[in-house]
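S.K.:
2 protein chains.
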Amino acid sequence: MTTKKTVPSDIDIAQAATMMPITEIAAGAGMTPDDIVMYGKYKAKITFDTIDRLKNAKDGKLILVTSINPTPAGEGKSTVTVGLADALKASGKNSMVALREPSLGPVMGVKGGATGGGYAQVLPMEDINLHFTGDIHAITTANNALSAFIDNHIHQGNDLQIDPRRIIWKRVMDMNDRALRQIVVGLGGPARGVPREDGFDITVASEIMAVLCLSSGINDMKNRLSNIVVAYTYQGEPVTVSDLEVQGSLALLLKDALKPNLVQTLEQTPALIHGGPFANIAHGCNSVLATQTALKLADYVVTESGFGADLGAEKFLNIKTRTSGKHPDAVVIVATVRALKMHGGKSKKELTEADTEALKSGLTNLEKHLETIREFGLPAVVAINKFHTDSASEIEILEEFCKAQQVPFSLTEVWEKGGEGGKDLAARVIDAIEGESSFKYLYDLEMPVKEKINTIIQKVYGGSEAVFSKKAEAQIRQFESYGWGSLPVCMAKTQYSLSDDPALFGRPKNFQVTIREVVPKLGAGFLVALTGDVMTMPGLPKTPAAKNMDVTGEGKGIGLF
Amino acid sequence: MTTKKTVPSDIDIAQAATMMPITEIAAGAGMTPDDIVMYGKYKAKITFDTIDRLKNAKDGKLILVTSINPTPAGEGKSTVTVGLADALKASGKNSMVALREPSLGPVMGVKGGATGGGYAQVLPMEDINLHFTGDIHAITTANNALSAFIDNHIHQGNDLQIDPRRIIWKRVMDMNDRALRQIVVGLGGPARGVPREDGFDITVASEIMAVLCLSSGINDMKNRLSNIVVAYTYQGEPVTVSDLEVQGSLALLLKDALKPNLVQTLEQTPALIHGGPFANIAHGCNSVLATQTALKLADYVVTESGFGADLGAEKFLNIKTRTSGKHPDAVVIVATVRALKMHGGKSKKELTEADTEALKSGLTNLEKHLETIREFGLPAVVAINKFHTDSASEIEILEEFCKAQQVPFSLTEVWEKGGEGGKDLAARVIDAIEGESSFKYLYDLEMPVKEKINTIIQKVYGGSEAVFSKKAEAQIRQFESYGWGSLPVCMAKTQYSLSDDPALFGRPKNFQVTIREVVPKLGAGFLVALTGDVMTMPGLPKTPAAKNMDVTGEGKGIGLF
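Just so you know, the sequences run in chain order H and Z. Take 17 as the starting number for the first sequence in this note's numbering and just add one per residue. Take 17 as the starting number for the second sequence in this note's numbering and just add one per residue.
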């Protein structure tokens, strides 16, 4: 058992770090200054010409980091992702990390920052957590331009016969703002448009974020934008962006946002941070272009998916992999003693006490995710992310479990020690990659929609079956009649449980999952199946993280953590 | 009389141009690569360290470009501003231009672009017209974070006793979106906040834009943000940002946006493009920091104010100059034969026909603005912005008018010929600067609010007096009792007329101006006096400019003009 070491706060570590000029990071990854567009000294975008030039280079190995179902205890998935890339580099490998961009809403609300932690962080931390290179602002702008075009079309005569009661395209803001969840727009008479119900989602929930993350280039992005269904006519026919003839302007607004962003870790490992779709109503991983570019530039690319393996990894494998054509060569499942004890029934306050029974009970959650990864035919490695309160007996139980499951595992200390603390994990992952594997998708696209949903519920969640609301039944019939039935399904489910009930920790069994509604996302290229209430616009807590933020007269940030 | 010359479209000229790397533009202006932060090869921000280092350098001469009241014919004020800076450079002078940043809303709506025109443009045109360096997005974010903090405060118990009916802080979006002018937020029950009326302004109308443009540095900006009045309590007391304790986080969101942006003109003259507040409910000029920085770097700085001299120049001189401490050394008034004919009663369709009578009648508008500039004690020069339909006899009448008024004038052809077409104007302006002048403010700050308003109406608009609504009367009494009476007044009036009636062209006389409402902008540091309806959220036309926009697979923009 280790004792608590004094590790400074994330922002203190980040501000004390010495970064390499981004041109040198690029050079280390085989790029010239002309391959990048600089955004200050420590951030850059990779040009489309560069991506084109790299097209025929050999792909490196892809490592996907996922986790057990998240708990309020925190699992440290991003920290392990960054730390593993640093550990691979420290082990003499040519590695790169590919991450999602943080959303400002949660930064100002509760999290205060989202760029890894401790000695496993990406830099420049302040920039990445604030406006970064403006990608999310560009998505906000394109999303809301589309809303303005829709309302303007109706106001100017409504040639397309859009039913204002059946507009499914919502406005977005990169903010936690519950007052915007449900609103009425167009009030105040004829000069102020046509009144209708509307609402704002957080920007990362915009379909345009998913489109950007799944596009292979500008032309593909423009096609995807064209296909977005924004509303239905009075006759019930879908209205798309191409009907409004604005896909060109939306693509123009997004042309720079589509370029992957290059930064570095604390240990100067190159990092591509690009795109960040929600992991509930979207697929929850960084962009296809960034991952593909990283694979051309590095021998080992570490990336992560959103939430636990039931949501994030399932969608990474069934959706992103189908688009990119590249499946992971190994999957790392992050678990902590603390979080597993919560899955075994402990409350957050009780986690500092050793409790081997709760731990054993909570291990069922890890067990299910491990089964899921094996169901996909991929090798798994368990990363035990160490916390100073973990007892030796607890760690031993976790290790014994892994041995019994015949899954390689490693105790990682990247938060405290950076890449050095993850060298053993890196070695296990390289071993796993070199072993045998045979990836397969969990369902065929040609399966009926309901069968795809049931497959996910049974094979990934361990549930019994789906129960479809009347609305969902009707929608599925309708969408299949439109020819949309062969799209993959993007499940929108609580992240806290394998089931659709956030209170069911551990490994619930014999549960049904209610499919309340199905939403077409034809730009992204999937159908979203909504289970229960899915929050697409977070709220602020009583004391937002923003209250502790400040900036010095010289421009140094305070209160990001 | 010249015949129409074939000048390519603005975007064709811009895309065909060869830009110098921004490091070389910076070097030409006496800055090292360390003085700037690059945003790609052709855009940069100037650091606070650089601004600090330049503090004691000698100021160059400041030239303010303004115009007659704008008409649908277009006057080309930005084009003349850019062209004059190029002309000064072409005449061997060390010059710089300081402009406002374009708002995306009008770009997507009607204008398609706002970076000068013809051979007098700033580059890179596409970037500047789209997201540029993200300043306006940062302002949107800070503005809407504040809205979220206000609604969250009320939702979480409302310790400050904010009256939801008396919140004066609106949300913003950088979009032309009439459906957001009047909305209701917080619908849908307790999980979705407290219902109340709200609305969105366009971002450039946000008080935060005005704050950014008037701040001398981060600390000053933080103080200004603290002072913003967002609402009143149930007891009628003002609630400020400092009561919410979020000025630090807002300043953090704005720390990079506060740095001036360096770009170049088609003729490689350095250009600082920074800030762009509305010229009706705000003061309508680029940032104090950018203008001050330009003055330290160049011998001649050309800048512009919004709309006509009655709004833009008046506020530049009574508001911005009070903050910056630097008044212009000369003022250029832009006029065109076409626009003057509209002031003389012609419709837009009739402008290609020569009409000396309409022109003579419209000249009264120019005459009044000339009187106003002289009222401020500043030397004026009239720039006649030549259009190919202007007849020789019309030009002659305009020149005779200037001679009679004893004001220097110049026929400029910068749109067609770039800096070469403005050398004569440059010479006239330099002469004017070298003559005598004695600047004075039009009113003392200690005058009662109503007297300040009457002074502007009489001396600048040529009207008789203000008529105050009961509401405005009560507000002025209240604001004076709060100690806000010694702030300058920012008039919000139609730009199309010297009066508050947009249909009164030319030089109306003996008119009253109705003051409907007064709004405190304590962050910006002025009281806004609203006359008539002031549009703070534009709408889209039936066919938005966006419909013609596109982007090639290689990322080249189409349809900006």
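Positions of the beta carbon are idealized from the N, C-alpha and C atoms, including for glycine.
1. Taking Cβ-Cβ distances below 8 Å as the criterion, which residues of the segment 39 to 60 of chain H are in contact with chain Z?
2. Hey, how far is the Cα of Leu576 (chain H) from the Cα of Ala106 (chain H)?
3. Measuring CB to CB, does Val317 (chain H) end up less than 8 Å from Thr97 (chain H)?
4. Using a 10 Å radius around the Cβ and a threshold of 16 neighbouring Cβ atoms, would you call Gly108 (chain Z) buried or exposed?
5. Hey, how far is the Cα of Asn302 (chain H) from the Cα of Gly541 (chain H)?
6. Below 9 Å between beta carbons is the criterion; list the residues of the segment 179 to 211 of chain H that meet it against any residue of chain Z, in chain order.
7. Strictly below 7 Å CB to CB, what residues from chain H border Ala579 (chain Z)?
8. Figure out for me which residue from H:Ile297, H:Ser231 and H:Leu520 has the closest Cα to the Cα of Ala267 (chain H).
9. Pick from Z:Thr149, Z:Arg116, Z:Phe165 and Z:Pro49: whose alpha carbon is nearest that of Leu556 (chain H)?
10. Taking only the alpha-carbon atoms, compute the straight-line gap between Ala45 (chain H) and Phe323 (chain H) and give it to the nearest angstrom.
11. Are the C-beta of Gly264 (chain H) and some C-beta of chain Z separated by less than 8 Å?
12. Drop a sphere of 10 angstroms on the beta-carbon of Lys71 (chain H), count the other beta-carbons inside from all chains shown, and report buried for 16 or more, exposed for fewer.
13. Could you tell me which chain H residues have their CB closer than 7 Å to the CB of Met124 (chain Z), listed as they occur along the chain?
14. Just checking: is the beta-carbon of Phe64 (chain Z) within a distance shorter than 8 Å of some beta-carbon in chain H?
15. Which one or two residues does DSSP pair with Lys61 (chain H) in a beta bridge?
16. In the DSSP assignment, the alpha helix (DSSP H) including Cys418 (chain Z) goes from what residue to what residue?
17. Please list, in chain order, the chain H residues whose beta carbon lies closer than 9 Å to that of Gln172 (chain Z).
18. If we cut at 8 Å on Cβ distances, does Met463 (chain H) have a partner in chain Z?
19. May I ask which residues mark the beginning and end of the beta strand (DSSP E) holding Ala545 (chain Z)?
20. Suppose contacts are defined by Cβ-Cβ distances below 8 Å. Is Leu162 (chain Z) in contact with Val255 (chain Z) by that definition?
21. When you compare each of Z:Ile531, Z:Cys506, Z:Pro504 and Z:Asp65 to Asp517 (chain Z) by their alpha carbons, which one comes out closest?
22. Are the CB atoms of Ala114 (chain Z) and Ala310 (chain Z) nearer to each other than 8 Å?
23. Answer yes or no: do Lys342 (chain H) and Leu78 (chain H) have a C-beta to C-beta separation smaller than 8 Å?
24. Any idea what DSSP makes of Arg610 (chain H), helix, strand or coil?
25. Mind checking Lys487 (chain H): buried by the 16 CB within 10 Å criterion, or exposed?
26. Contact check, Pro536 (chain H) vs Leu543 (chain H) under 8 Å by CB: the rounded distance?
27. Is the beta carbon of Lys558 (chain H) less than 8 Å from the beta carbon of Glu261 (chain Z)?
28. Residue range of the alpha helix (DSSP H) that Val98 (chain Z) falls in?
29. Secondary structure at Asn159 (chain Z), three-state DSSP: helix, strand or coil?
30. Please list, in chain order, all residues of the same chain as Thr471 (chain Z) whose beta carbon is under 8 Å from its beta carbon, the five residues on each side excluded.
31. Count Cβ pairs between the segment 389 to 399 of chain H and the segment 59 to 76 of chain H that sit closer than 8 Å; are there 3 or more?
32. Return the chain-ordered list of same chain residues with a C-beta closer than 7 Å to the C-beta of Ala158 (chain H), the five sequence neighbours on each side being excluded.
33. Just the Cα atoms here: how many angstroms apart are Gly291 (chain Z) and Ile178 (chain Z)?
34. Check Thr22 (chain H) in the structure and name its three-state DSSP category.
35. Give a yes or no on whether the C-beta atoms belonging to Glu533 (chain H) and Leu546 (chain H) are separated by under 8 Å.
36. Give the residues of chain H in contact with Phe565 (chain Z), contact being defined as C-beta atoms less than 7 Å apart.
M.R.: Judging by the given coordinates:
1. Val53, Met54, Tyr55, Gly56 and Lys57
2. Counting from 1 along the first sequence, the entry for residue 576 (chain H) is found at position 560. Counting from 1 along the first sequence, the entry for residue 106 (chain H) is found at position 90. When rounded, the distance between both Cα atoms is 28 Å.
3. Position 301 of the first sequence, counting from 1, holds the residue named residue 317 (chain H). Position 81 of the first sequence, counting from 1, holds the residue named residue 97 (chain H). No, these two residues do not count as a Cβ contact at 8 Å.
4. Stepping through the second sequence from its first residue, residue 108 (chain Z) is reached at position 92. With fewer than 16 other Cβ atoms within 10 Å, it is exposed.
5. The residue given as residue 302 (chain H) occupies position 286 in the first sequence. The residue given as residue 541 (chain H) occupies position 525 in the first sequence. When rounded, the distance between both Cα atoms is 16 Å.
6. Arg187, Met189, Asp190, Met191, Asn192, Asp193, Arg194, Ala195, Leu196, Arg197, Gln198, Ile199, Val200, Val201, Gly202, Leu203, Gly204, Gly205, Ala207, Arg208, Gly209, Val210 and Pro211
7. What the structure shows of chain Z is the stretch from 17 to 577, and residue 579 (chain Z) is not part of that stretch, so it cannot be assessed.
8. Reading the first sequence from its first residue, position 251 is the one you call residue 267 (chain H). Residue H:Ser231 is the option with its Cα nearest to Ala267 (chain H).
9. The residue given as residue 556 (chain H) occupies position 540 in the first sequence. Of the listed residues, the one whose Cα sits closest to Leu556 (chain H) is Z:Phe165.
10. Taking the first sequence and counting its residues from 1, the one referred to as residue 45 (chain H) is at position 29. Taking the first sequence and counting its residues from 1, the one referred to as residue 323 (chain H) is at position 307. Roughly 29 Å between the two C-alpha positions.
11. Taking the first residue of the first sequence as position 1, residue 264 (chain H) is located at position 248. Judged by the 8 Å Cβ criterion, Gly264 (chain H) is in contact with chain Z.
12. As a first step, residue 71 (chain H) is located in the first sequence; it is residue number 55 there, counting from the start. Exposed, since its Cβ has fewer than 16 Cβ neighbours within 10 Å.
13. Taking the first residue of the second sequence as 1, we reach residue 124 (chain Z) at position 108. The contacting residues are Ala161 and Ser265.
14. Your numbering for residue 64 (chain Z) matches position 48 in the second sequence. Closer than 8 Å: yes.
15. Here the question's residue 61 (chain H) lines up with position 45 in the first sequence. BP columns for Lys61 (chain H) point to H:Val53 and H:Asn277.
16. Taking the first residue of the second sequence as position 1, residue 418 (chain Z) is located at position 402. That run of the alpha helix (DSSP H) goes Ala408 to Gln421.
17. Residue numbering aside, residue 172 (chain Z) sits at position 156 when the second sequence is read from its first letter. Under the 9 Å cutoff, chain H gives Leu556, Pro557, Lys558 and Thr559.
18. Against the first sequence, residue 463 (chain H) aligns to sequence position 447. No, no contact with chain Z.
19. Residue 545 (chain Z) sits at position 529 when you count from the first residue of the second sequence. Per DSSP, Ala545 (chain Z) belongs to the beta strand (DSSP E) from Phe542 to Leu546.
20. Start at 1 with the first residue of the second sequence, and residue 162 (chain Z) comes out as number 146. Start at 1 with the first residue of the second sequence, and residue 255 (chain Z) comes out as number 239. Not in contact: Leu162 (chain Z) and Val255 (chain Z) (Cβ atoms no closer than 8 Å).
21. On the second sequence, position 501 is the one that residue 517 (chain Z) refers to. Ranking the options by Cα distance to Asp517 (chain Z), first place goes to Z:Ile531.
22. Counting from one through the second sequence, the residue named residue 114 (chain Z) turns up at place 98. Counting from one through the second sequence, the residue named residue 310 (chain Z) turns up at place 294. Yes, they are a contact pair.
23. Against the first sequence, residue 342 (chain H) aligns to sequence position 326. Against the first sequence, residue 78 (chain H) aligns to sequence position 62. A contact, by the Cβ cut-off of 8 Å.
24. Given that chain H is displayed from residue 17 to residue 577, the structure contains no residue 610 (chain H) and the question cannot be resolved.
25. Residue numbering aside, residue 487 (chain H) sits at position 471 when the first sequence is read from its first letter. Burial call: exposed.
26. Taking the first residue of the first sequence as position 1, residue 536 (chain H) is located at position 520. Taking the first residue of the first sequence as position 1, residue 543 (chain H) is located at position 527. Confirmed, Cβ separation roughly 6 Å.
27. The residue labelled residue 558 (chain H) in the question sits at position 542 within the first sequence. The residue labelled residue 261 (chain Z) in the question sits at position 245 within the second sequence. No; because the gap between Cβ atoms is not below 8 Å, this pair is not in contact.
28. Indexing the second sequence from 1 puts residue 98 (chain Z) at position 82. Looking at the DSSP string, the run of the alpha helix (DSSP H) that includes Val98 (chain Z) is Lys93 to Ala106.
29. Looking up residue 159 (chain Z) in the second sequence gives position 143. Residue state, collapsed to three classes: helix.
30. Residue numbering aside, residue 471 (chain Z) sits at position 455 when the second sequence is read from its first letter. Leu458, Tyr459 and Met463, listed in sequence order.
31. no
32. On the first sequence, position 142 is the one that residue 158 (chain H) refers to. Excluding residues within five positions, the ones whose Cβ falls inside 7 Å are Ile224, Leu266, Leu269 and Leu270.
33. Here residue 291 (chain Z) refers to the residue found at position 275 when the second sequence is read from its first residue. Here residue 178 (chain Z) refers to the residue found at position 162 when the second sequence is read from its first residue. Rounded to the nearest angstrom, the two C-alpha atoms are 31 Å apart.
34. In the first sequence, counting from the first residue as 1, residue 22 (chain H) sits at position 6. Coil at Thr22 (chain H), not helix or strand.
35. Translated into positions along the first sequence, residue 533 (chain H) becomes position 517. Translated into positions along the first sequence, residue 546 (chain H) becomes position 530. Yes, they are a contact pair.
36. The residue labelled residue 565 (chain Z) in the question sits at position 549 within the second sequence. For clarity, residue 565 (chain Z) is Met in the given sequence; the question names Phe instead. Near Met565 (chain Z) (Cβ distances below 7 Å), the residues of chain H are Gly264, Ser265 and Leu268.
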